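These notes are about the structure you will find just below.
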Amino acid sequence: MRHYEIVLLVHPDQSEQVPAMIERYTSVITDKGGKVHRQEDWGRRQLAFPIDNAHKAHYVLLNIEADNEVIDDLKSTFRFNDAIIRNMIMRRKDAVTEASPMMKSVEAKKAKDEAQAAVSRTRSEQDDDVEEDDVDLDDQSTEQADEA
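Here the sequence shown is numbered in my numbering, starting from 4 and rising by one per residue.
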């Protein structure tokens, strides 16, 4: 069996059906003795140029290990599926299981956003603590003034 990398561009109107499509294609691969090493859903992204009057597309990446028969079945399935506006099947020397650079950048952005959210939460908590301390100080100063 050989290793392949498959990238699919799905029409943006069909984005809701992408998980079902991925499940269908992975079941075709596994039923015929293949393996799925990596599966990534990159989401909707801007296209470099319009394809069939679509300016965005839903991107999907699959790294698989399969026979040539499975690849031929997938090619014909992609060709007759109107929801898939572009596809690319590349042969690889080895199986790729680590996250793609696209997913690494998405994960890095997500981690950065979470860190910024945590910093803003701690700042707001610190601001709340300062306000409570100010209230206590004001109460103490009025009590001291009343005693005098």
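Every residue, glycine too, gets a C-beta built ideally from N, C-alpha and C. A quick note: this is a predicted structure, and the numbers were derived from the prediction, not measured.
Where the alpha helix (DSSP H) containing residue i begins and where it ends
{"i": "Asn90", "result": "That residue, Asn90, is in no alpha helix (DSSP H); its beta strand (DSSP E) goes Ile87 to Arg95."}
{"i": "Asn66", "result": "Run containing Asn66: none in the alpha helix (DSSP H); it sits in the beta strand (DSSP E), Ala57 to Ala69."}
{"i": "Val21", "result": "Val21 to Asp34"}
Chain-order list of residues whose beta-carbon lies under 8 Å from that of residue i (same chain, five-residue window excluded)
{"i": "Gln49", "result": "His58 and Lys59"}
{"i": "Asp3", "result": "The requested residue 3 does not occur in the structure, where the chain is confined to residues 4 to 151."}
{"i": "Ser18", "result": "Arg47 and His61"}
Close Cβ partners of residue i (< 6 Å) along its chain, the five nearest in sequence each way excluded
{"i": "Asn90", "result": "Leu11 and Phe81"}
{"i": "Lys38", "result": "Glu68"}
{"i": "Leu65", "result": "Ile9 and Gln42"}
{"i": "Met106", "result": "Glu43"}
Continuous beta strand (DSSP E) stretch holding residue i: start and end
{"i": "Ala51", "result": "Lys38 to Ile54"}
{"i": "Val10", "result": "Arg5 to Val13"}
C-alpha gap between residue i and residue j, whole angstroms
{"i": "Asn84", "j": "Ser108", "result": "30 Å"}
{"i": "Ile92", "j": "Val122", "result": "43 Å"}
{"i": "Ala23", "j": "Thr125", "result": "41 Å"}
{"i": "His40", "j": "Arg94", "result": "14 Å"}
{"i": "Tyr7", "j": "Asp116", "result": "34 Å"}
Below-9 Å beta-carbon distance, residue i vs any chain B residue
{"i": "Leu65", "result": "Of the protein chains in the structure, only one exists, and it is not chain B."}
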